Amino acid sequence: MSINACSGDTTTWDQEVKLLDGRKIVVTQKRLLQGLLTRDAWLTINLPQISQEPIVWHESLYPMVVNIFNGSLYVVAMPSTVRERHRYGDPSPPNIGFRWVASGWQRIPFNEIPEAIYDANMLVSELPPKLPKLLTLDEKNSTKMNQDPDLPEFDKHISPKLN
1 MSINACSGDT TTWDQEVKLL DGRKIVVTQK RLLQGLLTRD AWLTINLPQI SQEPIVWHES
61 LYPMVVNIFN GSLYVVAMPS TVRERHRYGD PSPPNIGFRW VASGWQRIPF NEIPEAIYDA
121 NMLVSELPPK LPKLLTLDEK NSTKMNQDPD LPEFDKHISP KLN
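Following this line, the structure appears as structure tokens:
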């Protein structure tokens with residue numbers, strides 16, 4: 001991966017994600033970066049109980065949560081900058097939810113995001129200079145990444161109080 005502030009570069013990696021029910025799945029993430037900012041993100045999720053085909057999510061947001069609640073698959077993401085926030089209608093709070101419905105993603109209002117999935121389970125810290133091919137839960141939850149004490153709380157948890 002190379003990061004260039006003038007043009008977009010992409011990086012792709014697999015990461016382990018712990019679901020609410022305790023299962024671990026591997027999600028492939030691809031990001032289009034401009035400098036350190038995520039301009040677009042793609043997630044490829046394999047969940048045979050929901051779809052026999054890989055499920056792909058793509059938005060101009062950075063994903064915080066991939067989880068299942070009451071049999072429904074959710075992705076919750078945030079805008080990287082004011083530019084993306086405006087593009088998505090200036091939501092308040094800025095967390096944007098999506099639910100997989102009959103082979104397609106549906107954007108949902110904040111109040112339909114289940115509170116049970118408010119904790120981020122995706123890589124939310126700044127991307128390290130060299131990502132491994134598979135980012136394990138232990139690596140992702142290390143103090144160098146998602147448990148970095150300098151990482152703001154709003155990156156770790158979804159909150160209806162965040163404006």
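According to this note's numbering, numbering within the sequence shown proceeds without interruption in unit steps and concludes at 163.
Heads up, the beta-carbon is just placed ideally off N, CA and C, and yes, glycines get one too.
Everything numeric in this text was worked out from a predicted model, so none of it was measured.
Span of the beta strand (DSSP E) around residue i
i    : result
K144 : No beta strand (DSSP E) contains K144, which DSSP labels as neither H nor E.
K156 : Counting along the chain, K156 falls outside any beta strand (DSSP E), though it belongs to the alpha helix (DSSP H) covering 153-156.
T10  : 8-18
I55  : 55-59
Same chain, Cβ closer than 6 Å to residue i, five either side skipped, listed in chain order
i    : result
V17  : I25, V27, V66, N121
L151 : S125
Spatial neighbours of residue i in its chain, beta-carbon cut-off 7 Å, leaving aside the 5 residues before and after
i   : result
V75 : L43, W57, P63, V65, V66, F98
G8  : L32, L33, Q34, R39
Pair within 8 Å by beta-carbon distance, residue i and residue j
i    : j   : result
P79  : R85 : yes
I117 : L47 : no
Residues bridged to residue i (per DSSP)
i    : result
K30  : T12, W42
K24  : K18
L135 : Q15
L37  : Q34
Those runs of the beta strand (DSSP E) which lie wholly inside the stretch 67-125 and span at least 3 residues | 72-78, 96-101, 104-108
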